[in-house]
Amino acid sequence: MKIQQIRPKDKGFYLIALDEGKDLVLHEEIVARHHLKEGQEIDPEELERCKNDALRRKARERAYYLLEYRDHSEGELYQKLRRHYPDPIAAEAVARCREYGLLDDTAYAKKLAEYYLLRKQFSFRRALMEMGKRGLDRELSRQCLEEVQVDPVQQLQAILSKRYQKQLRQGRAGRQKVFAALARLGFDYEDINTALSEYNWEENEDE
1 MKIQQIRPKD KGFYLIALDE GKDLVLHEEI VARHHLKEGQ EIDPEELERC
51 KNDALRRKAR ERAYYLLEYR DHSEGELYQK LRRHYPDPIA AEAVARCREY
101 GLLDDTAYAK KLAEYYLLRK QFSFRRALME MGKRGLDREL SRQCLEEVQV
151 DPVQQLQAIL SKRYQKQLRQ GRAGRQKVFA ALARLGFDYE DINTALSEYN
201 WEENEDE
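Counting in the numbering used here, the sequence shown runs from 1 upward without gaps.
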């Protein structure tokens, strides 16, 4: 197989025209690394290495783009990359990002733990589940959540004051609805009862 022509295509990329009519677009970095020249004979193995290098570069660029948008865990980034690239290439891109200091699961887990518990007012259980969705190790997530040391009863009281004042004025039926809603959020029954005990239900009973 012979390279018939190498000509600029887009910024930093070249179109490699092969004599069998199979054109290839490669970044200038890959063209230089493989010492590609017009009129050069290139065997299928070398051509495959060029294609793999192109995939590696695309996977790294995709990883950088995703990390620029927001932080990711190693697992989450890997799962996103493997949708478009072979597993070894996706793993290699993740390793490169980690090597460059662009990935840090521990720092990311601490950041998410504070965000979910303090800002979003999630229950411990729900925060743990959400962190799992982000590809974080369960034990690491649990440790980081425990370090936040939030009082679930205070969380519940804040949620009750902000979201459920109308229901709380509906007597026992309202209490039951609020209790069920808080339970669905992942809070423990005992903590919910403690938070709800601040309200005088007899005075708020429907007439």
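Heads up, the beta-carbon is just placed ideally off N, CA and C, and yes, glycines get one too.
First and last residue of the uninterrupted alpha helix (DSSP H) at residue i
i: Val-153; result: 152–163
i: Gln-143; result: 138–148
i: Leu-79; result: Strictly speaking, residue 79 in this sequence is Gln, with Leu absent from that position. Unbroken alpha helix (DSSP H) run through Gln-79: 74–81.
i: Leu-26; result: Premise fails: Leu-26 lies in the beta strand (DSSP E), 24–27, not in any alpha helix (DSSP H).
i: Tyr-108; result: 105–114
Inter-residue spacing [alpha-carbon to alpha-carbon] between residue i and residue j
i: Ala-91; j: His-84; result: 12 Å
i: Ser-141; j: Ala-113; result: 7 Å
i: Glu-203; j: Gly-171; result: Note that Glu-203 scores a pLDDT of 44, beneath 50, so its modelled location is shaky; the value from the coordinates is reported in the next line. Computed Cα separation, rounded: 8 Å.
i: Leu-118; j: Val-150; result: 8 Å
i: Leu-66; j: His-72; result: 8 Å
i: Tyr-64; j: Cys-97; result: 8 Å
i: Glu-205; j: Gly-132; result: Because Glu-205 sits at a pLDDT of 49, beneath the cut-off of 50, its placement in the model cannot be relied upon, and the following sentence gives the value as read from the coordinates. If you take the alpha carbons of Glu-205 and Gly-132, they lie about 41 Å apart.
i: His-35; j: Lys-58; result: 20 Å
i: Cys-50; j: Ser-123; result: 50 Å
i: Asn-193; j: Glu-146; result: 22 Å
i: Gly-21; j: Lys-120; result: 57 Å
i: Asp-188; j: Gln-176; result: 15 Å
Proximal residues to residue i (C-beta, below 6 Å), its chain only, five neighbours per side dropped
i: Arg-82; result: Ala-90
i: Lys-166; result: none
i: Leu-102; result: Leu-67
i: Glu-48; result: none
i: Gln-157; result: Ala-195
i: Val-178; result: Tyr-164 and Gln-167
i: Val-31; result: Tyr-14
Neighbour flag for residue i against chain B, beta carbons, 8 Å
i: Arg-163; result: Annotation note: the requested chain B is absent from the structure, which comprises a single protein chain.
DSSP state of residue i mapped onto helix, strand, coil
i: Lys-166; result: helix
i: Phe-13; result: strand
i: Arg-120; result: Checking the sequence shown, residue 120 turns out to be Lys, not Arg. Looking at Lys-120 - three-state DSSP - the assignment turns out to be coil, as it is neither helix nor strand.
i: Gln-40; result: coil
i: Leu-196; result: helix
i: Leu-185; result: coil
i: Pro-86; result: coil
i: Arg-7; result: strand
i: Leu-18; result: strand
Same chain, Cβ closer than 8 Å to residue i, five either side skipped, listed in chain order
i: Lys-37; result: Ile-3 and Ile-6
Beta-carbon gap between residue i and residue j smaller than 8 Å
i: Glu-76; j: Gly-39; result: no
i: Ile-42; j: Leu-26; result: no
i: Tyr-116; j: Glu-130; result: yes
Neighbourhood of residue i by C-beta distance below 7 Å, restricted to the same chain and skipping five residues each side
i: Lys-80; result: Leu-66
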